[in-house]
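Below is one structure, written out as structure tokens; the observations come after it.
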Amino acid sequence: GAVVSQHPSRVICKSGTSVKIECRSLDFQATTMFWYRQFPKKSLMLMATSNEGSKATYEQGVEKDKFLINHASLTLSTLTVTSAHPEDSSFYICSASDSPGLSETQYFGPGTRLLVL
Amino acid sequence: DQQVKQNSPSLSVQEGRISILNCDYTNSMFDYFLWYKKYPAEGPTFLISISSIKDKNEDGRFTVFLNKSAKHLSLHIVPSQPGDSAVYFCAASDAYNQGGKLIFGQGTELSVKP
């Protein structure tokens, strides 16, 4: 099956620093990647949708200047949390799809646990 | 507002019995529903789906039922096995208008006891 990786799996940083999370599709070309955020005991909240070579589409309430998304190639998307604060601590999960109209073809990465001190 | 709701945060079932996980939604535009299974520190993995034109879809031990009038779906696992212990998320999409965007419920943690 399709494999999606995320790096790092866990990161601890100081308040005010920026953190970059990578999402890679290892064995397929992902025309679309999605970024989700999950709080403890809560649902996965879609943050943004990114298509290769174009600007990401952010969901309502998500600050695009705070969460910078770059989908530079068909196998790589990055999420940068800029000037991170403790309230940004969360579990960030990406998914990748080569057929974005078909929900079943979203393959999820293992997630990145971010802790901001 | 929570468009997809899983009101039971946890469920405990004996091995061999049936597990029933429930999910409710509010948006009548949703036309595709999926169930995902998630282990700790891992991403969700796709389990089973159902289109709004159907009311039942079966795959081995897993069956999903959709009641459009009640805006309710459920996942049945029978017989339940200890390896089924995980968090189960239902998700919905408005595939026609929103493409692949998924709206997730809060998840139900299933524990299957030997």
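Sequences listed follow chains A and B, in order. So for the first sequence, my numbering puts the first residue at 571; every next one is plus one. So for the second sequence, my numbering puts the first residue at 14; every next one is plus one. In this text, a Cβ means the ideal position worked out from N, Cα and C, and glycines have one as well.
Below-8 Å beta-carbon distance, residue i vs any chain B residue
i: A:Thr682; result: no
i: A:Thr602; result: yes
i: A:Lys612; result: yes
i: A:Phe598; result: no
i: A:Gly623; result: no
i: A:Gly631; result: no
i: A:Phe678; result: yes
i: A:Ser667; result: yes
i: A:Thr619; result: yes
i: A:Leu685; result: no
i: A:Leu699; result: Here chain A has residues from 571 to 687 only, and residue 699 of chain A is not among them.
Min CB distance residue i to chain A below 8 Å
i: B:Ala99; result: no
i: B:Lys84; result: no
i: B:Glu55; result: yes
i: B:Phe94; result: A quick correction: the sequence has Gln, not Phe, at residue 94 of chain B. Answer no: the Cβ-Cβ gap between B:Gln94 and chain A never drops below 8 Å.
i: B:Pro127; result: no
i: B:Leu115; result: yes
i: B:Gly73; result: no
i: B:Phe43; result: no
i: B:Gln27; result: no
i: B:Phe102; result: yes
Whole-number beta carbon distance between residue j and residue i, since they are thought to touch under 8 Å
i: A:Leu649; j: A:Ile639; result: 6 Å
i: B:Ala99; j: B:Lys51; result: 6 Å
i: A:Val686; j: A:Asp658; result: 5 Å
i: B:Tyr45; j: B:Ser65; result: 7 Å
i: B:Gln128; j: A:Lys612; result: Absent from the structure is residue 128 of chain B, since the part of chain B shown begins at 14 and ends at 127.
i: A:Lys600; j: A:Ala642; result: Per the sequence shown, residue 600 of chain A should be read as Ala rather than Lys. Not quite, the Cβ-Cβ distance comes to about 12 Å (not below 8 Å), so this is no contact.
i: B:Ser62; j: B:Leu47; result: 4 Å
i: A:Leu616; j: B:Phe102; result: Not quite, the Cβ-Cβ distance comes to about 13 Å (not below 8 Å), so this is no contact.
i: A:Gly586; j: B:Gly56; result: With 8 Å as the limit, A:Gly586 and B:Gly56 do not qualify as a contact, their Cβ atoms being about 29 Å apart.
i: A:Ser595; j: A:Val651; result: Between A:Val651 and A:Ser595 the Cβ distance is about 21 Å, and since that is not below 8 Å, they are no contact.
Test: residue i CB closer than 8 Å to a CB of chain D
i: A:Tyr628; result: Absent from the structure: chain D. Protein chains present are A and B.
Residue i: CB within 7 Å of a non-hydrogen atom of the ligand MN
i: B:Leu88; result: With respect to small molecules bound, the structure shown includes none, and the ligand MN cannot be examined in it.
Contact between the stretch 654-673 of chain A and the stretch 25-39 of chain B: three or more CB pairs below 8 Å?
no
Using a Cβ-Cβ cutoff of 9 Å, what residues of the stretch 651-664 of chain A are near chain B? List them in chain order.
Near chain B, meaning a CB-to-CB distance below 9 Å, the residues of the stretch 651-664 of chain A are Phe661, Ile663, Cys664.
Can you find at least 3 beta carbon pairs, one from the stretch 572-586 of chain A and one from the stretch 620-631 of chain A, that sit closer than 8 Å?
no
When you compare the stretch 77-89 of chain B with the stretch 582-591 of chain A, are there three or more beta-carbon pairs, one atom per stretch, that lie closer than 8 Å?
no
Mind listing, in chain order, the continuous beta strand (DSSP E) runs of no fewer than 3 residues lying wholly within the stretch 614-663 of chain A?
With a minimum length of 3 residues, the continuous beta strand (DSSP E) runs that stay inside the stretch 614-663 of chain A are 614-621, 637-643, 646-651.
Okay, do the stretch 599-611 of chain A and the stretch 660-668 of chain A touch, 3+ Cβ pairs below 8 Å being the bar?
yes
Whole alpha helix (DSSP H) runs in the stretch 65-123 of chain B with 4 or more residues, listed along the chain?
108-111
Completely contained beta strand (DSSP E) runs for the stretch 29-59 of chain B, where each covers 3 or more residues:
DSSP runs (the beta strand (DSSP E)) wholly in the stretch 29-59 of chain B: 32-38, 45-51.
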